[in-house]
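A.B. asks: Numbered according to the numbering used here, the sequence shown spans residues 1096 to 1161.
Please find one structure pasted underneath; my questions will follow.
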Amino acid sequence: MSALANAPAGKLKRARASLIGGIAVGICVAVLWALIAREAGAGAVVAALGLPAGAAVGAWIRIADL
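Structure below.
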């Protein structure tokens, strides 16, 4: 059984939720950055800058939610 199935109703583990949320937001930021860079005709360097930007936003979400 998963930890969430055994948890009392209405009580989430905040650390796990912020970790998963931070990772999801970071991935979405990186993907959207790459898509926008491609549509704008930017080079590969600008598209690659989406990875550190996504990591920074994901870390910010994770830390801010603690």
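Where a beta carbon is used, it is the ideal one built from N, C-alpha and C, also for glycine.
On the three-state DSSP scale, how would you describe G1145?
C.D. replies: Taking the first residue of the sequence shown as position 1, residue 1145 is located at position 50. Three-state DSSP puts G1145 in a helix.
A.B. asks: Report, in whole angstroms, the separation of the C-beta atoms of D1160 and G1116, which I expect to be a contact under 8 Å.
C.D. replies: If you number the sequence shown from 1, residue 1160 lands on position 65. If you number the sequence shown from 1, residue 1116 lands on position 21. About 7 Å separates the two Cβ atoms, so the contact holds.
A.B. asks: Determine the closest residue to V1152 out of A1143, A1132, V1124, A1135, with distance taken between C-alpha atoms.
C.D. replies: Reading the sequence shown from its first residue, position 57 is the one you call residue 1152. Minimum Cα distance to V1152 is reached at V1124.
A.B. asks: Who are the near neighbours of I1118 in its chain, counting only those whose CB is closer than 7 Å to its CB and skipping five residues on each side?
C.D. replies: Translated into the one-based positions of the sequence shown, residue 1118 becomes position 23. For I1118, where only same-chain residues beyond five positions count, the Cβ hits under 7 Å are G1153.
A.B. asks: Taking all protein chains shown into account, decide if A1135 is buried (16 or more other Cβ within 10 angstroms of its Cβ) or exposed.
C.D. replies: If you number the sequence shown from 1, residue 1135 lands on position 40. Classification of A1135: exposed, given that the 10 Å Cβ count is below 16.
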